[in-house]
Amino acid sequence: MKKNTLPIDRTTWDLSPLFTSDDDPTINEQRVATKKANDHFIEKWEKRNDYLSDAQVLKEALDEYEALIRLYHTSGNEGYYFWLRTQQDQLDSKLKAKFAKVLDFSNQIQNQIQFFELRLAKVSREQQVVFLQDKELTSYKHFLENIFAQAAHVLSENEEKILTLKADPAQEKWETMVSSFLSKEEKEVITEEGKKEKKNLEQLLTLITSKNKKVRDTSAVALNEILDKYKEVAEAEMNAIMANKKIDDELRHFSRPDAARHLSDDIATSAVDALIQAVSQRNDISQRFYTLRAKLFGIKKLAYHERMVEYSAKELNFTFQESADFVSNVFTHLDPEFTKILTRFLNNGQIDVYPKKGKRGGAFCAHWLISQPTYILLNHTNKLRDVLTLAHEMGHGINNELIKQKQHALDFGTPLSTAECASVFMEDFVLEEVLKTADEETQLGILVAKLDDNIATAFRQIACYQFEQEMHATFREKGYLSYAEIGKIFQKYMSAYMGPAIEQSPGAENWWIYWNHIRSFFYVYSYASGLLIAKFMQNKVKQDPSFINQVKVFLSSGLSASPKDIFGKMDIDITDAAFWHAGLDEIELLLNQTESLAKKLGKIS
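The following block contains the structure:
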């Protein structure tokens, strides 16, 4: 493989394409321009209805709407800039205050301009057909299809405003209450250094993966005590937000609790059902993995909290320069354009690399408007996971840049169901190259860690989705669920994917309490769909390197078509469970490889 050495001149963001400083005098000018652009659109179209019946007039309106979304939307450069700055420095209250003002400004404009899409959704079915068949509107076809698909579920403008206003007290306030209670709790536990210290919930969730059994066991006890303390509060919260969702679904005429999620994600319910069916039928893969994990630790069963305990021989270290070069080499082998995008990001100061006081933890790839730069945040500490994180976030970045080349502003973005495809695709190819350079002991540790991630992403998330399905269905039947009933349903699906090698330990029935994703309702399937689509595409590229061109077409599609239609053009049916099984086959192959290596090294019999 050809070796690249990338010049790295900047390791912090250059936000000057947005503004030169927090006090840039052009900030106010931008705000005025944003308001003026929105006001112009509102004044021109709010009192008109000819665009609802005349395709030529609608084309004019959509062109102007696209230009507005391209350059301004509701907060222009100001919203993006101050959000990014709050991620760089979460301790600066002045930045928070400025961003809060931008949000107020943005929300006011959003409330004023929402008439446009709401009214489009209400045109007659006959007129919808006319618009969708009109050649003048071809470039906006799927944008209109999405709006029309929501027509049966959209209420009047005043009713929509009421639902928006009640969302905060009916759901967000409940969530905030429970999360704030949990976040404030601290328990004294034994640390890695053997000291007794107070740790909060997030710290306890990290400590339960410690290699030190005493550390992880005492942390698990503390975690269970916190969850037990708030189980009655969480019971009230969960029933309240499920009742609110039930009311919303009834008002919007959704036939099943997860239907609203599928519509908003632009994915066919039949495709999600096929995914759920395929993964749940292959729970033997995750059960085999946990059996292997228990054997590697020399025991028959792992406690519930021990399923993610780190298993590795030694840590591989990479400086950021080495990480960038390594990722660049892999990208070049896949497609030289990927490396060009990485190089551009590095040259233009679009990657903030190192951790520092006040900076947000973790990593992300951010984009707002199609006309703005993509920015990536890392917290690079020279570990193997940091190399994979760079590849992962650059996957998102490459996805953004490919969409920008092919789509207009109204089709800029990715459906939730495919949002993680590019990132997982790139990350896995980088990991495979890392494995080639590692000794067998290190390879085993890397493979176990990768399977941990794959099993959690596919099997655990689908088990969670099934838990949500049964919980909402039972609630709608009974009217109220106790924490014990919720816990029983939760353990049913956790046990199904974990199998006999993981003990459903006392207290584990309450672990749904801190799982924030279930408050977003049926969101978790997207982790599994993204992973399995990426696995499918990886296998295709390995068989035929020229398939990378098909991958690029997929990644550049943005919101211009549904995932079902995008894959349909590739003669792939994502509503067929066989498609998802192909991705699961790749996980099983990885498991077979890991088991064989563990036997070769004498770790298991």
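So the mapping is simple: our numbering equals the position in the sequence shown, first residue as 1, plus 1. Yeah, the Cβ is synthetic: ideal placement off N, Cα and C, and Gly gets one too. Bear in mind the structure is a predicted one, so any value in this text is a computation, not a measurement.
DSSP lists I503 as the beta-bridge partner residues of L303. Put simply, of S180, L202, S220 and L183 the residue whose alpha carbon is nearest the alpha carbon of K196 is S220.
Listed as beta-bridge partners of N201 by DSSP are E187. In this structure, the straight-line span from the alpha carbon of G584 to that of L532 is close to 8 Å. Here the C-alpha atom of D454 lies approximately 15 Å from the C-alpha atom of C465. For Y81, DSSP records no beta bridge to any residue. In this structure the region 107–127 touches the region 34–44; the number of beta carbon pairs closer than 8 Å is three or more. Assignment of beta-bridge partners to N318 by DSSP yields K384. A Cβ-Cβ distance of about 6 Å is found for the pair L96 and F83, placing them in contact under the 8 Å criterion. Between Q462 and E61, the alpha-carbon positions lie close to 44 Å from each other. Minimum Cα-Cα distance from Q594 among the listed residues V280, E186 and R289 corresponds to R289.
Rounded to whole angstroms, Y81 and W369 show a C-alpha spacing of 7 Å.
Between the alpha carbons of V179 and E233 lies a gap of roughly 10 Å. The three-state secondary structure of I342, taken from DSSP, is helix. A residue is called buried once 16 or more other Cβ atoms fall within 10 Å of its Cβ, and K188 is buried on that count. Judged by DSSP secondary structure, I268 falls outside any beta strand (DSSP E); it is assigned neither H nor E. For the 8 Å CB-CB criterion, L602 and L448 do not form a contact. Counting the other CB atoms within 10 Å of its CB gives L432 a total of 16 or more, which places it among the buried residues.
Taking the Cα positions, F332 is about 25 Å away from E589.
Here H41 is exposed. Its C-beta has fewer than 16 other C-beta atoms within 10 Å. For F365, the pairing in a beta bridge is given by DSSP as L378. Under the three-state reduction of DSSP, I352 is assigned to strand. The alpha-carbon of K451 is positioned some 38 Å away from that of D169. Residue burial annotation: I248 is exposed, with fewer than 16 other C-beta atoms found within 10 angstroms of its C-beta.
For the pair L53 and R120, the CB atoms are nearer than the 8 Å cut-off.
Looking at K541, G396 and D266, the one whose alpha-carbon comes closest to that of V525 is D266. Just so you know, the alpha carbons of E441 and T6 end up roughly 27 Å apart. Nearest to E471 by C-alpha distance, out of G488, A457 and F460, is G488. The shortest C-alpha to C-alpha distance from M309 to any of I209, H334 and K407 is the one to I209. Scanning L403, A579, K600 and Q129 for the CA closest to the CA of F555 turns up L403. Scanning S563, Y355, A325 and K358 for the CA closest to the CA of I342 turns up A325. The beta-carbon distance between A535 and D412, rounded to whole angstroms, is 22 Å. This is too long to meet the 8 Å contact definition.
About 41 Å separates the beta carbons of D250 and I549, which is beyond the 8 Å limit, so they are not a contact pair. Look at the beta carbons and you see the region 497–516 not touching the region 252–262: under three pairs across the two are nearer than 8 Å. Annotation for I371: no alpha helix (DSSP H) segment contains it, and DSSP assigns it neither H nor E. Taking C-alpha positions only, S527 is separated from S521 by approximately 12 Å.
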